[in-house]
Amino acid sequence: MKPKLRRMAVVSLIALTVLIGAALLFHAAHPDPGLTPAAAGDLVDSSAKVRASAAINGHNAVVTLHIDRGWHVYANPPSAPYLIPVTVVAQRSGRTLAIQPLYPPGQDIGLHINGKTIRVYENGTRIALPGLSRLRDVRLQVQIQACADKGLCLPPATIVATTQ
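Below, the structure written as structure tokens:
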């Protein structure tokens, strides 16, 4: 595909993702009274394609992303300001811990917008949490936005890393 057409396709997909997200937010704020709770639970967000686990590796915790085949999430820092990167927040007893995750640089899967390489994380990406040496009573929240390698992005979600 020619670069201009690829860029137009990517911009179109991003616009479509924003519109879908806006529709979902509108629907959440103005639910259809005929929609049953079971049907409402069928709405799909990024948590349908990504899970996270956490373990201690030496003296630090590590969060591992488990991403379905054919999908990715955006690296942190994001390659463009409109992308939603993976972020990890550690909490204990409802208080945010002063942990600075060490985000890897991300992979180049061949997606370029306005001359910028869009970096992503794929299945198995590990994010180190230096200084967090135990996971007891720790809640690790991971914000994600899953996108298919072919272009469709799901609404973002916040998932909780399971401990191993």
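Going by mature numbering (1 follows the signal peptide of the UniProt record, and there is no 0), the letters in the sequence shown line up with residues -28 to -1, 1 to 136, in that order. Don't be surprised by glycine CBs; every beta carbon is placed ideally from N, CA and C. Just so you know, these numbers come straight off a predicted model, no measurement behind them.
Asked                                                                                                                                                                          : Found
Report the residue from H84, Y54, T36 and V58 whose alpha carbon sits nearest the alpha carbon of A118.                                                                        : V58
With H, G and I counted as helix, E and B as strand and the rest as coil, what does DSSP make of A20?                                                                          : helix
If contact is defined by three or more beta carbon pairs under 8 Å, each pair taking one atom from either stretch, is the region 82 to 95 in contact with the region 40 to 57? : yes
Let me make sure I understand the geometry here. Which of K122, R98, Y93 and Q136 has the alpha-carbon closest to that of V110?                                                : Q136
Taking 7 Å as the limit between beta carbons, can you name the residues of its chain near D80, skipping five residues before and five after?                                   : T89 and R91
Sort V16, S25, G78 and N48 by Cα distance to L107 and report the nearest one.                                                                                                  : S25
What does the alpha-carbon distance come out to for the pair S18 and L101?                                                                                                     : 23 Å
With DSSP collapsed to three states, give me the class of N29.                                                                                                                 : strand
Kindly indicate which three-state DSSP category Q136 falls into: helix, strand or coil?                                                                                        : coil
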